[in-house]
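Residue numbers for the sequence shown follow our numbering, so the first one is 1 and each next one is one higher. See below for the structure under consideration.
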Amino acid sequence: MLGCMVDLDDLMTAIEDGDRDLAVELTLAAISAGSTPEAILDAMTAAMDEVGDRFQANLIFVPEMLVSARAMREAMVQLEPILVKAGIRPEARAVIGTVRGDLHDIGKNLVAMMWRGARIEVIDLGVNVTAEQFVAAVQAHKPDLIGLSALLTTTLPSMRAIVEALRRTDLGGAQIIVGGAPVNQEFATSIGADAFAQDAGAAVVVARGLLGLSGAMSGAPDLPASGAGA
Ligand code: B1M
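Laid out in structure tokens, this is it:
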């Protein structure tokens, strides 16, 4: 059992290390010790920023990033009821999917996890997603971001067709980010995407840049220190 003083740096380290049990334990302890949900969320987000930076710098690889993302997700489950009660919402919404003809989803799932870690609500359309499905999802969910992933050179034309279909739709200001192994900046520009991200760490940086978001909590209401409501 942890003492009542909870160092949020320890929570960050637990997430960076991908220690799920410790991350959950420290989150619960921080809640009972009266840390604000913003402070806890800030610590979690900063940890995932660090994970993204290390991944981009090739200091860690996919397995480490996956375990960190899972630790963050489980810790978030503890925090979510308090965030909901406090009226704290994600800062943006994204729709993401792997394009038609393509069944690869590991990279797309990583991007989705990292976006969630960056306080972006993610609606994941899965794999083999058609232009019609993307357009319908944009109309239904009104996202700020639309993420397209492709892993096959043979599905790059699908990515192009989907971007073209999206451009014929009222996107309500949503911006299109594309990525995946055969995708590069030149291709992204040629099909009219708003941005290209090389990897899941870059996807967070690029998304935040497009959305004008900082890493810190913005627009959250002032809250009393909360020990209740979990
Ligand atoms: Co496939 N496959 N595969 N495969 N597969 C590749 C991609 C391939 C390079 C293997 C090879 O030949 N060396 C090759 C593609 C060649 C090409 O087109 N240039 C290939 C092929 C040919 C095929 C099949 C056609 C094989 C066949 O059946 N003959 C077939 C196609 C099926 C289909 O999709 N229709 C096929 C099938 C499969 C499996 C189902 C067996 C499996 C997929 C399982 C799954 O995803 N659930 C599979 C796998 C696992 C691979 C490899 C081995 C690994 C892909 C992966 O997950 N990488 C791959 C070879 C390789 O890469 N070594 C290969 C890890 C992942 C974290 O990286 O997906 O690149 P990645 O994602 C990165 C970035 O690209 C980026 O961020 C991620 C994290 O950093 N990113 C984004 C991705 N999406 C992004 C979106 C963004 C931003 C960044 O913004 C929205």
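Note that CB positions come from ideal geometry on N, CA and C, so glycine has one too. Owing to the predicted nature of the structure, the values given are computational and were not obtained by experimental measurement.
Member of His104, Thr169, Gly107, Leu151 whose CA lies at the smallest distance from the CA of Glu132: Sequence index remark: in the sequence shown, residue 132 carries index 132 (1-based). Checking every option, the nearest Cα to that of Glu132 belongs to Thr169.
CB-CB under 6 Å to Glu121, same chain, minus the five flanking residues each way: which ones, in chain order? If you number the sequence shown from 1, residue 121 lands on position 121. Within the same chain, Cβ atoms closer than 6 Å to the Cβ of Glu121 are found at Pro90, Arg93, the five residues on either side in sequence being excluded.
Contact defined as beta carbons within less than 8 Å: I believe Met65 pairs with Met44. What is the distance between those atoms, to the nearest angstrom? Numbered from 1 along the sequence shown, position 65 holds the residue referred to as residue 65. Numbered from 1 along the sequence shown, position 44 holds the residue referred to as residue 44. The distance from the Cβ of Met65 to that of Met44 is about 15 Å, inconsistent with a contact at the 8 Å cut-off.
First and last residue of the uninterrupted beta strand (DSSP E) at Leu247: A query on residue 247 cannot be resolved here, the shown segment of the chain reaching from 1 to 230 and no further.
My guess is that Gln175 and Asp194 are in contact by the Cβ rule of under 8 Å, so how many angstroms apart are they, rounded? For the purposes of this step, residue 175 is identified with residue 175 of the sequence shown, where counting begins at 1. For the purposes of this step, residue 194 is identified with residue 194 of the sequence shown, where counting begins at 1. In this structure Gln175 is in contact with Asp194, their Cβ atoms being roughly 4 Å apart against a cut-off of 8 Å.
Could you check the C-alpha separation between Asn128 and Val135 for me, to the nearest Å? Walking along the sequence shown from the start, residue 128 turns up at place 128. Walking along the sequence shown from the start, residue 135 turns up at place 135. Distance between the alpha carbons of Asn128 and Val135: 14 Å.
Restricting to Cα atoms, I'd like to know which of Asp124, Ala69, Gly126 is closest to Asp49. For the purposes of this step, residue 49 is identified with residue 49 of the sequence shown, where counting begins at 1. The shortest C-alpha separation from Asp49 is found at Ala69.
Would you mind working out which of Asp7, Phe55, Thr13, Gly18 sits nearest Ser32, comparing C-alpha positions? Here residue 32 corresponds to residue number 32 of the sequence shown, with the count starting at 1. Minimum Cα distance to Ser32 is reached at Asp7.
Got a sec: does the ligand ZN put a non-hydrogen atom nearer than 8 Å to the Cβ of Gly192? Summarising the ligand content, the structure contains the ligand B1M and does not contain the ligand ZN.
When the Cα of Thr232 is compared with those of Arg208, Leu148, Ser35, Asp21, which residue comes out closest? What is shown of the chain runs 1 to 230, which leaves residue 232 out entirely.
Looking at the structure shown, is Gln175 part of a helix, part of a strand, or coil, going by DSSP? Counting from 1 along the sequence shown, the entry for residue 175 is found at position 175. Three-state result, Gln175: strand.
By the DSSP assignment, the beta strand (DSSP E) with Asp49 in it spans what residues? Looking up residue 49 in the sequence shown gives position 49. Unbroken run through Asp49 is the alpha helix (DSSP H), 37-56; no beta strand (DSSP E).
With H, G and I counted as helix, E and B as strand and the rest as coil, what does DSSP make of Gly97? As a first step, residue 97 is located in the sequence shown; it is residue number 97 there, counting from the start. Judged by DSSP in its simplified three-state form, Gly97 adopts strand.
Of the residues Ile123, Glu186, Gly173, the one placed nearest Leu210, counting alpha carbons only: Here residue 210 refers to the residue found at position 210 when the sequence shown is read from its first residue. The residue with the shortest Cα to Cα distance from Leu210 is Gly173.
Please report how far the alpha carbon of Ala140 lies from the alpha carbon of Glu25, in whole angstroms. Sequence index remark: in the sequence shown, residue 140 carries index 140 (1-based). Sequence index remark: in the sequence shown, residue 25 carries index 25 (1-based). CA-to-CA, the gap between Ala140 and Glu25 works out to about 37 Å.
Check Asp19 in the structure and name its three-state DSSP category. Within the sequence shown, residue 19 is the residue found at index 19, counting from 1. Asp19: coil per DSSP, three-state reduction.
Between Gln126 and the ligand B1M, is the CB less than 8 Å from at least one heavy atom? Locating residue 126 in the sequence shown gives position 126, where the first residue counts as 1. Sequence inspection shows Gly at residue 126; the Gln mentioned does not correspond to that position. No heavy atom of the ligand B1M is found nearer than 8 Å to the CB of Gly126.
Ile88 in three-state terms, based on DSSP: Stepping through the sequence shown from its first residue, residue 88 is reached at position 88. Coil.
Using CA atoms only, rank isn't needed, just tell me which of Ala137, Gly117, Met114 is closest to Ile123. On the sequence shown, residue 123 is found 123 positions in, with the first residue counted as 1. Taking only the C-alpha atoms, the option nearest Ile123 is Ala137.
Let me know the secondary structure DSSP gives Phe196 once reduced to three states. Taking the first residue of the sequence shown as 1, we reach residue 196 at position 196. Reduced to three states, the DSSP call for Phe196 is strand.
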